[in-house]
Every structure is written in C-alpha cells, then in structure tokens.
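One structure is given below, encoded as structure tokens.
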Amino acid sequence: GGGEGEGDNSSSYWRSERKVVHSFRSNLNNGLNFHGIADNSDLVLPLSLNQCWKSLGREKGTISNNNNIHHNEMTLFDASAAGALALEVVTLPYRLLKQQQLAASQSSLSRGKRRSKIGIMSGYFQGLGQSDDNDAFPTADRLSYHEFISSLRPSNRHTVLELSGLAKIQNIDDQLMHGTSIERRRLEEERERNRNSMYYRRSRGRDIDPGLWVEDSGPNGGVLCPLSPSSKDNQLTSRSMHRHFSMMAGLRPKATGNIVTTDQVSTYTTLIMEGMGIRYRPQSSVGTVLRQSIYDLTSSKSYAAGIYWKSIFNGQIQNVPVLTVLGNSTRSYSHLKTTACNTSQSLSRKYQGYLSRDSMGGIVPEREDCTDALEHIMDLRDTYEPPMMFDDEGHEGTYFEDNSE
C-alpha cells in the first residue's frame, strides 16, 4: 500500500511540474514573440481564432436539429476563413482598381455605376480627393499602401491594432442608419408631413448619435464581434470609453434584396463615415464600400480565389454582409496588459531556476534580452492606457519587486 501511495505522489508531482514548466514557457514565449514582431513591424494586429469563429454567429455546445445531435466545435478551417474574410474586406482601400481601369474592363450595362467608394477623414491622405455634392468628406478611388499604413498609425509609437467584424446572416441596414443625417432628413420629412398628427408628437424625441453599430454585440448594443484578444469586462470593451487614434471600416453588402446602385454605395459610405466620426471622433477615419458582395466574389463566374468561403455559410452566402472595423485605439490596452503581466511573472523569482536552465540549454534568450522584451511591452502598454483608470492589481511590478535585492 505504501509503495502505491508513493508512486501516486510521484506521478502527481511530475504532472504538476510539467504544468508549471508549460505555464512558464508559454507566458515567456508569448511575450518574446510579441516583442519580436512589434519591434520589426510597422503595425501589429493580434488575432484570436476563437473570436474569429464566433464572428460567424456560432457558439460551442451541443445542437439538436431534426432529432440529430451534433457537437458545434470550433475548427481551424472555419476560424481562419472568417479571419481571412475580415482581413480581405478591411484591406480593400489599397487593393481596389481605379474607376477608370474598372470601366474599361466592364460591360456597357455596368458602366456608369460606381462600383466602390472610399470616404476619408485623414490628414495622411496625399492623393487628389474629390467630394460629391452631398458629402462632408473627400473621396478617392483607392489609397496607396503607404497612405493605408499612415492612416492607421498616427505616430511611430502607436503600432498595435485591433479588429472587429461581422460575417453572418443579419440585416444591418437599420443599425447603420440610426442617428445619421440621412435618417434625420427622412424623419424630418415624415414630421413635416404629419405635423398635426399624434405621430409627430411621438417621434420628436428620436435624436441620437450614429455609430452604435461599431460597438461589440451584446450588452454594448453593437453588431460587431471582436476578432482580436479583448477583455471579458463589457465596460472595458465599450468603444465610448476609449480613445481612438484611427478607425478604418469596410463593407461588402449582402447580395440579396435590391441591387446596390451608385446612390446606395454613396449612402452606405455616408452611414459608415458618420458612424465612426460623430460618436468616437478618431484622429483619422477611412470608410470603404464595395458593390461586389462576398457571394459575387465567390460565384462561378468570379475571378477570385478563396471560394472555400462558401462552405462556412451552409449555402446562405448570398444573405451574408461582411462588415469590419480596424482600429488603433486604447482598446488594445487589455491585451498588452495581460501580455506584460504574464511575461513579468515568468521572469519573477518563482521561475528563476527554470529561466536559468532553459537559457543555458538555448531554449530561451539570456535574461537581459528577456528583460528588454518586457520593458518594450510595458512601454506599449503605457502608450495605450485608456482615459479612465484601471486597477493594475500590482501584477506589473512583480518582476521588479522580486528582483530588487
């Protein structure tokens, strides 16, 4: 009996030891990787495959359908396809063809219609922007890659982005319309027609700021799903609580319903630009709308690769709009804080023996290099500190307190 007990204790000890080593190496590796990428890149966009999968409107669990029970589990195929779809839309500004080039390649039936529109509120745009009569912002056929990057990075210190998106069957027109000048004009016309009716008295209070759709879905009232790592606290993820250095939105409307004409492309662009600019007031904002839906992109006559997107929507791709928002904002603070805390803990006295052993074995860099990486991450964290106060819980000081002797 004693021998068996000793064997169980020994097995339990080594399982616990492996868990501690795995935690130490994972936290340190994440910090070193983030530092290496951030130190050698113009911009960094952390993504969560689990969040990308959720943007398709799916949740983990057991689903019963027609007496058939199956487990709804995340797959890397679906998650990476959702993430790639969001990136495809948000990078449209520098990949679009100029209208003149497009007109030369289109049939006579489609010529004269605006295929896309880019609205710009940015001092980083160096091109010759033109403004339509009713627009309060300049427009362009496309951006250069340099203009695209510059519009997302207000300074050399602000290099961390966060991405949100929607790619599921949902009617988003009403959410995009709320509070915009287009809705206000429509309501004013209705009030003028019904000035003496009860409807006029009931409708006078509907005066709100546009842009609630930019928030995360759920308690925050938006329609988007965060695709980057984010806090689980809804108060900390609310965009209204953060400072926005830049925002860039992209939309491929769904294929079903009315054909998106030139006027509708302009309408969508106005809705997106007002939604970003009025409520959140970013230093720089760019909104892109493309008349080509994701269904048209992957149709049998399409020139595009990536038709595997069809498989993740179960034959309903014609009903799917793709809406994405790429931001440079203090919403990244939560992820940077977590990364800094975990890296700091891995360098604390508790793991000093593991660090020395792995360093001698060539598994991790020297302690001084790890410390430099931690300091860089903490500098980024401080750069993205939100306007409101957060409880730091003392985690960041663990490394320096434990090694102060």
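Numbering-wise (my numbering), the sequence shown opens with residue 69 and increments by one. Here a beta-carbon is modelled for each residue, glycine too, at the ideal position from N, C-alpha and C. Since the structure is predicted, the reported quantities are computational estimates derived from the model, not experimental observations.
Item	Value
Check whether the region 392-411 touches the region 221-237, counting contact only when three or more Cβ pairs, one atom from each stretch, lie closer than 8 Å.	yes
Could you say which of Ser367, Ser412, Asp242 lies nearest to Thr439 if we only look at CA atoms?	Ser412
Quick check on the burial criterion: 16 or more other C-beta atoms within 10 angstroms. Buried or exposed for Phe145?	exposed
Give every residue of the same chain whose Cβ lies closer than 8 Å to the Cβ of Pro455, excluding the five residues on either side of it in the sequence, and list them in chain order.	Met309, His310, Arg311, Thr398
Given a threshold of 16 other Cβ atoms within 10 Å of its Cβ, counted over all protein chains shown, does Val157 qualify as buried or as exposed?	buried
Looking at the unbroken alpha helix (DSSP H) that takes in Met315, where does it start and where does it end?	First-last for Met315: 312-320, but that is the beta strand (DSSP E), not the alpha helix (DSSP H).
Report the CB separation of Ser296 from Thr305 in whole angstroms; it is logged as a contact under 8 Å.	Between Thr305 and Ser296 the Cβ distance is about 11 Å, and since that is not below 8 Å, they are no contact.
Please look up how many angstroms separate the CB atoms of Pro350 and Ser314, rounded, as I've assumed it's under 8 Å.	5 Å
Going by beta-carbon coordinates alone, are Thr406 and Ile186 separated by less than 8 Å?	no
For Tyr348, which residues in the same chain have their Cβ closer than 7 Å to its Cβ, ignoring the five residues on either side in sequence?	Gly279, Val282, Arg307, His312, Met315
If we ignore side chains and look at the alpha-carbon of each, how far apart do Cys257 and Glu342 end up?	In the sequence as displayed, the identity of residue 257 is Glu instead of Cys. Their Cα atoms are separated by approximately 20 Å.
Assuming Lys236 and Gly383 make a contact with CB atoms under 8 Å, what is their CB distance in whole Å?	Not confirmed; about 14 Å, so no contact.
Is the beta carbon of Val333 less than 8 Å from the beta carbon of Arg182?	yes
Could you tell me whether the region 426-445 touches the region 90-105, using the rule of 3 or more Cβ pairs below 8 Å?	yes
Go to Thr356, then tell me how far its beta strand (DSSP E) extends in each direction, as first and last residue.	352-358
Between which two residues does the beta strand (DSSP E) carrying Gly187 extend?	184-189
Pull up the CB-CB distance for Met344 and Ala317, whole angstroms please, since I reckon it's below 8 Å.	6 Å
Quick one: does the C-beta of Ser109 sit closer than 7 Å to a heavy atom of the ligand FAD?	Here there are no bound small molecules, and the ligand FAD is not part of this structure.
Would you kindly work out how many angstroms separate the C-alpha atoms of Thr337 and Leu160, rounded to a whole number?	14 Å
State the beta-bridge partners of Val89 as determined by DSSP.	Answer by DSSP bridge pairing: none, since Val89 is not bridged.
What residues match up with Ser397 in a beta bridge as DSSP calls it?	His312
With distance defined between alpha-carbon atoms, name the residue in Cys293, Asp301, Thr335, Tyr162 nearest to Asp242.	Thr335
In whole angstroms, what separates the C-alpha of Ala147 from that of Glu260?	49 Å
With distances taken between CB atoms, is the gap from Ser400 to Tyr452 smaller than 8 Å?	yes
Using the Cβ count rule (16 or more neighbours within 10 Å means buried), how would you classify Ile105?	exposed
Quick one, are the C-beta atoms of Ser184 and Leu442 less than 8 Å apart?	no
Compute the Euclidean distance between the alpha carbons of Leu448 and His226, then round it to the nearest angstrom.	8 Å
According to DSSP, simplified to helix, strand and coil, what is Leu153?	helix
With DSSP as the reference, label Glu260 as helix, strand or coil.	helix
Mind reading off the beta-carbon distance from Ser219 to Ser190? Whole number of angstroms is fine, and I expect it under 8 Å.	5 Å
Starting from Leu442 and walking both ways along the alpha helix (DSSP H), at which residues does that stretch end?	435-451
Check for me: the alpha helix (DSSP H) holding Leu365 runs from which residue to which?	362-365
Can you look up Ser492 in the DSSP assignment and give me helix, strand or coil?	Any property of residue 492 remains undetermined from this structure, which presents the chain solely from 69 to 473.
Rounded to the nearest angstrom, what separates Ser80 and Arg163 at their Cα positions?	56 Å
On the three-state DSSP scale, how would you describe Val432?	coil
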